[in-house]
Amino acid sequence: MKSKLVRKNPMQAPKPVGKYSHVTIIPKDATMYAFSGQIGLGQDDQLPQTLWEQIINTFQHIETILASEGMDATHIVKVNIWATEEIDWDHFYEQWECMFGESYPSMTIAYVSALGLPEIKIELEIWAAK
25 MKSKLVRKNP
35 MQAPKPVGKY
45 SHVTIIPKDA
55 TMYAFSGQIG
65 LGQDDQLPQT
75 LWEQIINTFQ
85 HIETILASEG
95 MDATHIVKVN
105 IWATEEIDWD
115 HFYEQWECMF
125 GESYPSMTIA
135 YVSALGLPEI
145 KIELEIWAAK
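Here the working numbering is used: the first residue of the sequence shown is 25, the next is one more, and so on.
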């Protein structure tokens, strides 16, 4: 990808209610990558019991899979977040800001009654371009 992703919030649209961009523009020479949803398995391949621990592990897994393709957070176009319990946004944004700084990708968040396994409290799906 010769050009960089462009993130913006049009002045005509309402200000984002969170730390995300309304628009992410993908250069035409980019290759798109769709990654399966990442969950918070620990080093022992077990899911921690707390949402906070699952969030920390999930962000670590995202960094790992991006690196496996020669990418980092600057390549992320969109993040879809599914959670089974209410997210403490102060804690979540600690991890979010460590990953993205202040250049936020587009984001969707949904609270759902269940994910793929009963122990999963959060799942993050990412789309990236390189």
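Glycine included, each C-beta is placed from N, C-alpha and C at the ideal position.
| Item | Value |
| --- | --- |
| Skipping 5 residues on each side, what residues in its chain have a beta carbon closer than 8 Å to that of T98? | K28, L29 and S127 |
| Excluding sequence positions up to five away, which residues of its chain have a Cβ less than 7 Å from the Cβ of A37? | H46 |
| Check each candidate in I146, I105 and I80 and name the one with the smallest Cα separation from T216. | Coverage of the chain is limited to positions 25 through 154, which leaves residue 216 absent and any answer about it impossible. |
| Do the region 55-66 and the region 139-147 touch if we need at least three Cβ pairs shorter than 8 Å? | yes |
| Counting along the chain, where does the alpha helix (DSSP H) carrying T82 start and finish? | L75 to S92 |
| Do I50 and V101 count as a contact pair if the criterion is CB distance below 8 Å? | yes |
| Can you tell me which of K154, E143, A153 and E149 puts its alpha carbon nearest to the alpha carbon of G66? | E143 |
| According to DSSP, E147 sits in a beta bridge with which residue or residues? | W106 |
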